[in-house]
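Report on one structure; see the data block that follows.
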Amino acid sequence: MAYYRAVGNVPPKRHTQHRDEHDQLYFEELMGEEGFSADSSLLYHRHIPSAIVDSRNWELPDLATTPNHPLLPRHLKLPELFPEGSWSDTDVVTGRRLVLGNSDVRLSYVVAEQDSPLYRNAIGDEVVYVESGDAVVETVFGALSAKQGDYVVIPRATTHRWLPRGHDPLRAYAIEANSHIAAPKRYLSRFGQFLEHAPYCERDLHGPTEPMLADGTDVDVLVKHRVSTGIVGTRMVYQRHPFDVIGWDGCLYPYTFSVYDFEPITGRVHQPPPVHQVFEGTNFVICNFVPRKVDYHPLSIPVPYYHSNVDSDEIMFYCGGDYDARKGSGIGQGSMSVHPGGYAHGPQPGAYQRSIGVEFFDELAVMVDTFRPLELGEGGLACDDGRYAWTWSGKGPGHD
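621 is the number that my numbering gives to position 353 of the sequence shown; each next residue is one higher, with no gaps.
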């Protein structure tokens, strides 16, 4: 995220003495990607940021996965994972249920009302899409406000916590990478500025505006990290509260981006999914489909043509509007479709013909395309409708 910001109290020269009103030194921390070779920020702490007093096991929720074999397209009914009233004791961090995952990315869903513990993902960046509800996301860089339609982009190793606000529960779709997540390179100049053809720009990105200061001793932070056998969790106890940063500057920090600030790219005939791309990580991309005018060639067919995912699995999370191409399949708000590599897919029967002459699509969806096969997590197995694969033919196994 090569867009410089400065928040709070920072010295005029980096790596130099910075003192408080009592002549006590602040402690400078470099938080940087790829060692010392990529984006970074400098944070100035009131206390030593590495002072811990305990470290013990944090038992993670079930992260086991099952191969999608025999190969099937699937409809995952995510709202079924959290029946009405089940979320009163759930938080956005520990309550996530793994839906799909591979060695590059994990996709989870959660409905929560409780404040989360302090949390740090030391494996990769996270993008959390807020399907509905409101929250404050407190981070070591400062606080962010998150509302329906916001992506919350949280860099690897950022200490933070989620605080749902309002009368409704927070429904969130979490995309956890094993890498960094950033704007597509083709949107950026060689120096990192958004170019004119990009569907969003720096003005649409909202980072913290003031420091997040808190006091406390013996403060727990849940850390997700890797060992040789896989992903594990540790509960680290810090001598002083991690939210003690009086100022920071740099190009690495959490921010929000609203899906409603994405300016869709359209054309005379149907545009391929890369025009909808919003972020990219290693071996996966994130796209969004927003309300938009559609194809205006006199012979156009606005819904997608049938296509084979030769190199990728395509995962669509339906989070608003009326997704015309899926009418008749049972897919609705909160549904997720899984179209795996090796399977040709496209509109449901009748949608191809019905779309002719349509001028506007009122739809909202978040798509993740991966370039390694995804496997089903416990959440995905629990909410598979078992019927989606046969909705094109109208017949399933055992039928003539």
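Beta carbons: idealized from backbone N, C-alpha and C, even for Gly.
With respect to the 9 Å criterion, Tyr294 and Tyr312 are classified as neighbours on the basis of their beta carbons. In the DSSP secondary-structure assignment, Ser457 is not bridged to any residue.
DSSP places Asp517 in the strand class (E or B) of the three-state scheme.
Taking one beta carbon from each stretch, the stretch 461-480 and the stretch 567-583 have fewer than 3 pairs nearer than 8 Å; the two do not touch.
Per DSSP, the unbroken beta strand (DSSP E) holding Ala440 starts and ends at 438-445. The continuous beta strand (DSSP E) containing Arg494 extends over residues 485-495.
Taking 9 Å as the cut-off, the beta carbon of Ile554 is found no closer than this to the beta carbon of Met504. Remark: C-beta atoms of Cys651 and Leu349 approach each other more closely than 9 Å.
Taking a contact as a CB-CB distance under 8 Å, the pair Gly401 and Arg439 counts as one, their CB atoms being some 6 Å apart.
CA-to-CA, the gap between Tyr528 and Pro570 works out to about 21 Å.
Per DSSP, the continuous beta strand (DSSP E) segment holding Ala411 begins and ends at 410-414. Ranked by how close their Cα comes to the Cα of Pro317, the residues Val408, Trp658, Val546 have Val408 in first place.
Just so you know, the alpha carbons of Phe639 and His286 end up roughly 46 Å apart.
Secondary structure remark: continuous beta strand (DSSP E) runs of at least 3 residues inside the stretch 497-583, in chain order: 498-508, 513-518, 523-526, 545-549, 552-557. Around the beta-carbon of Arg508, 16 or more other beta-carbon atoms lie within 10 Å, marking it buried. By the 16-neighbour rule on beta-carbons within 10 angstroms, Ala332 is exposed.
Our two residues, Ala445 and Leu328, have alpha carbons roughly 17 Å apart in a direct line.
According to the DSSP secondary-structure assignment, His607 is paired through a beta bridge with Glu582.
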